[in-house]
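> Pasting a structure below so you can have a look.
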Amino acid sequence: MADHEFHLPEDPMDGLLEWLEKARLDAIPEHIAMTLSTVSSEGQPSARIVYFKGFSALASGERCPRFFTNYESQKSREMNENPRVSLLFYWPAQWRQVRIEGRVEKVSDEESNAYFQTRARGSRIGAWASPQSSVIKSREELEARVNEVAERYEGKEIPCPPFWGGWRVIPERVEFWHGGESRLHDREVFTRAGRGWTRARLAP
Ligand SMILES: Cc1cc2nc3c(=O)[nH]c(=O)nc-3n(C[C@H](O)[C@H](O)[C@H](O)COP(=O)(O)O)c2cc1C
Numbered sequence: 079m080a081d082h083e084f085h086l087p088e089d090p091m092d093g094l095l096e097w098l099e100k101a102r103l104d105a106i107p108e109h110i111a112m113t114l115s116t117v118s119s120e121g122q123p124s125a126r127i128v129y130f131k132g133f134s135a136l137a138s139g140e141r142c143p144r145f146f147t148n149y150e151s152q153k154s155r156e157m158n159e160n161p162r163v164s165l166l167f168y169w170p171a172q173w174r175q176v177r178i179e180g181r182v183e184k185v186s187d188e189e190s191n192a193y194f195q196t197r198a199r200g201s202r203i204g205a206w207a208s209p210q211s212s213v214i215k216s217r218e219e220l221e222a223r224v225n226e227v228a229e230r231y232e233g234k235e236i237p238c239p240p241f242w243g244g245w246r247v248i249p250e251r252v253e254f255w256h257g258g259e260s261r262l263h264d265r266e267v268f269t270r271a272g273r274g275w276t277r278a279r280l281a282p
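Residue numbers for the sequence shown follow our numbering, so the first one is 79 and each next one is one higher.
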């Protein structure tokens, strides 16, 4: 059962880091997995999991949660059309949820390149080989593409593909939910107010 500590710091990104760190220390599997929801230009929502890969800083120093993907994928097409997205973390063993709403923008090429070079070689090859979200004929076709890319870069550095990189979510509303007994859950929402945040407790 969840404990009832619910003392969040002033900046919701610090709160997110605290909760992520707790999930990591508790060895929660896939604790950096988050659901990214996009909405197409026709208003059709679509959700999928991506990995939280730290923050990207705005010029003001503000931190924005970041993830990496193919810039020609369905999600990227939708974010190009409509930058309003939500991110959702859920850690079942801790009965905690963090919900983030805001606008996305691409991170700089330098930032994408720097992150790309930290990825395992197989993942770097995969980024080049997989035309994410396009129809492919078969598993064999994908494997042939992987082999072709692996050969092309054998013994060489693998550069970041121009069609691959990071997106950052500029948070506007961040809600923390912590399950409690008898459905008396704690909820606190942070809403952007200029350079700071206003906070409010919500009924569960
Ligand atoms: C645990 C988990 C982590 C994932 N992490 C990523 C990720 O960081 N980036 C990514 O592009 N896809 C990731 N995926 C795959 C996506 O869920 C999705 O299938 C893919 O990005 C294509 O989505 P789209 O067609 O909506 O663009 C992950 C899937 C799972 C289950």
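Backbone N, C-alpha and C define an ideal beta-carbon position, used for all residues, glycine too.
Can you tell me the Cβ-Cβ gap for Gly244 and Arg144, rounded? I've got them flagged as a contact below 8 angstroms.
About 5 angstroms separates the two Cβ atoms, so the contact holds.
> Would you mind working out which of Glu259, Thr147 and Met112 sits nearest Ala125, comparing C-alpha positions?
Looking at the Cα atoms, Met112 is the closest of the given residues.
> If I'm right that Pro286 touches Glu96 with Cβ under 8 angstroms, what's the distance once you round it to whole angstroms?
Lying before the first or after the last residue shown, residue 286 is absent from the chain, which here runs from 79 to 282.
> Quick one: residues in its chain with C-beta nearer than 7 angstroms to the C-beta of Tyr129, no 5 flanking neighbours on either side, listed in chain order?
So the list reads Ile110, Ala111 and Phe145, once near-sequence residues are dropped.
> So Asp264 is in the beta strand (DSSP E); what residue range does that whole segment cover?
Segment Asp264 to Ala271, the beta strand (DSSP E) holding Asp264.
> Among all the DSSP beta bridges, which residues are the ones paired with Ser134?
According to DSSP, Ser134 bridges with Cys142.
> What do you reckon, is the C-beta of Arg126 under 7 angstroms from a heavy atom of ligand 1?
Yes, since a heavy atom of ligand 1 falls inside the 7 angstroms radius drawn around the Cβ of Arg126.
> Hey, quick one: how far does the beta strand (DSSP E) through Ser115 stretch, first residue to last?
Ala111 to Val117 is the extent of the beta strand (DSSP E) around Ser115.
> Touching or not, the region 268–277 and the region 185–200, by the rule of three or more beta carbon pairs under 8 angstroms?
At 8 angstroms Cβ cutoff, the stretches do not touch.
> Consult DSSP for Asn160 and reduce its assignment to one of helix, strand or coil.
Three-state DSSP puts Asn160 in coil, outside helix and strand.
> Leaving out five residues before and five after Glu179 in sequence, what residues of the same chain have Cβ atoms less than 7 angstroms from its Cβ?
Result list for Glu179: Ser164, Glu250 and Arg251, in chain order.
> Considering only their Cβ atoms, is the gap separating Val182 from Arg246 smaller than 8 angstroms?
Yes.
> Does Gly244 come out as helix, strand or coil in the three-state DSSP assignment?
Residue state, collapsed to three classes: strand.
> When the Cα atoms are used, what is the spatial distance from Lys184 to Thr147?
Spanning the two alpha carbons is a distance of roughly 11 angstroms.
> Where does the unbroken beta strand (DSSP E) through Lys184 begin, and where does it stop?
From DSSP, the beta strand (DSSP E) with Lys184 extends over Arg174 to Lys184.
> Should His256 be labelled buried (16 or more other beta-carbon atoms within 10 Å of its own) or exposed?
Under this definition His256 is a buried residue.
> Could you check if Ala198 belongs to the surroundings of ligand 1, using beta carbon to heavy atom distance under 7 angstroms?
No - ligand 1 has no heavy atom lying nearer than 7 angstroms to the Cβ of Ala198.
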